[in-house]
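Reviewing the structure listed below.
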Amino acid sequence: MSKMIFKGSTILNPVPVVLVTSMNNAGEVNVLTIAWTGTICTRPPMVSISVRPERLSYDYIKETEEFVINLPSRNMVKKVDYCGVVSGRKVDKIKEMGFTLEKSEKIKVPSIAECHVSMECRVKDVVSLGSHDLFIAEVLSEKIDESIIDKNGKIHFENADLITYSHGEYFPLPDKSIGKFGYSIKKHNVNKKRK
Ligand SMILES: Cc1cc2nc3c(=O)[nH]c(=O)nc-3n(C[C@H](O)[C@H](O)[C@H](O)COP(=O)(O)O)c2cc1C
């Protein structure tokens, strides 16, 4: 492998692409597309999103200190792109995209009913990093479409047709697993009878 050296940049790949709903104190709801997001703690469950201060969503999240991360499916990719290139300052994106808002369990900001998974988040801290501010938030409740949960309670994200973002393009996720957590050290069944 012959490798080229690049100056430091944001090339971590692949990254999720999500729709974040937010609301201002007047009850107006907005949605934007976010790729700079991640899981940052298991207990308590915490996530982060990085948002530029010029976004309308930034103002809304600062105001109410709440947001919902909604995971979009492949059939929503054009809407995902639209919500990432048009500001709520110009267009009511919820209306324009025909999204159905669904009441949340623990926070005032609603989720997008068309998404299989939604995570209700309350902001715990905001860190100014440069171009973006990092919102660190606790996940208070999650809504998951029953159609992707099997009879044993296992969630099958592979059936949610999720998408990822890589270097300016959207990609579908494969629907077949290529390994299971811990399989690399799992012993083979050695109970075969010796002859
Ligand atoms: C794929 C994709 C990912 C994006 N990720 C982010 C992000 O992580 N943070 C951010 O501030 N803006 C991001 N944007 C840009 C915002 O979604 C975009 O500026 C949006 O129009 C802002 O909407 P608002 O002003 O209604 O909040 C992304 C856009 C796209 C298309």
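Heads up: the sequence shown begins at 62 in the working numbering, then just goes up one per residue.
Using N, Cα and C, we set each Cβ at its ideal position, and we do this for glycine too.
Predicted model only: the values in this text are computed from it and were never measured.
Own chain, CB closer than 6 Å to residue i, minus 5 neighbours either side, in chain order
i           : result
residue 95  : 79, 81, 110
residue 236 : 219
residue 76  : 96, 226
residue 177 : 206, 209, 221
residue 168 : 127, 181
Residue i - partner residues in DSSP beta bridges
i           : result
residue 179 : 131, 204
residue 194 : 112, 189
residue 91  : 83
residue 100 : 108
residue 225 : 77, 232
residue 162 : 173
residue 199 : 107, 183
residue 155 : Paired residues: none, contrary to the question.
Distance between residue j and residue i (C-alpha atoms, nearest Å)
i           : j           : result
residue 198 : residue 115 : 20 Å
residue 141 : residue 203 : 20 Å
residue 188 : residue 123 : 12 Å
residue 68  : residue 190 : 19 Å
residue 239 : residue 158 : 35 Å
residue 125 : residue 195 : 16 Å
residue 247 : residue 211 : 24 Å
Residues near residue i by beta carbon distance below 8 Å, same chain, minus five either side
i           : result
residue 171 : 82, 84, 90, 129, 162, 163, 164, 165
residue 228 : 72, 74
Close Cβ partners of residue i (< 7 Å) along its chain, the five nearest in sequence each way excluded
i           : result
residue 223 : 132, 134, 234
residue 117 : 91, 148, 149, 150
residue 192 : 113
residue 87  : none
residue 121 : 83, 84, 85, 91
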